[in-house]
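Residue numbers for the sequence shown follow our numbering, beginning at -10 and rising by one.
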Amino acid sequence: MFKVHEKLKKIRQFRGYNQVEIAKQLGMSVASYSRIEAGKTNLNLDFLKRICEILDIELIDLLENNFQFLSEPKVRYEKAAALKQQQEKKTIETLIEENNLLLKTMLNLLEQQKETNKKLLAFLMKRKK
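Put into structure tokens, the structure is as follows:
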């Protein structure tokens, strides 16, 4: 029969963690975590979500009665990270383009102001004579 606590232990070992590391990340004693892997503690959904984050697995993978996901490459995580990086790059490029456009606009306005000031100065100089 499938038992979550046994699967937690196998996944932890597969990921190369020891009980001390997992307990520390969960903010609990090693003894408390050891009782979880021994099946002596009832687990709630919030705890399962937290440990899935630490072990870098999906909750459904923990709850299903198979270990196939461990042998599969972590494509979904890599794709998500690559997509996020691509989106961030596009955002930065867009911000740079907008910044350049604003700078060009400001430069044009300054040139216009310079011409206006020249005309005003010429007008005032003529008037003074």
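Glycine is no exception: its CB is placed at the ideal position from the N, C-alpha and C atoms.
Alpha carbon to alpha carbon, how far is A27 from N7? 14 angstroms
Endpoints, alpha helix (DSSP H) assigned at S18: No alpha helix (DSSP H) holds S18; DSSP gives it neither H nor E.
State yes or no: is the C-beta of S23 nearer than 7 angstroms to some heavy atom of the ligand ATP? This structure lacks the ligand ATP; in fact it carries no ligand of any kind.
Stretch pair the region -5 to 15 + the region 33 to 41: three plus CB contacts closer than 8 angstroms: yes
Is it the case that the Cβ atoms of L15 and Y22 are separated by a distance below 8 angstroms? yes
How many Å lie between L91 and Q101 at the Cα? 15 angstroms
Quick check: K(-8) and L51, are their CB atoms within less than 8 angstroms of each other? Here K(-8) is not near L51, since their CB atoms are 8 angstroms or more apart.
Quick one: Cα of E82 to Cα of L98, how far? 24 angstroms
In three-state DSSP terms, what is F3? helix
Run through DSSP, which three-state label would F56 get? The answer is coil: DSSP assigns F56 none of H, G, I, E or B.
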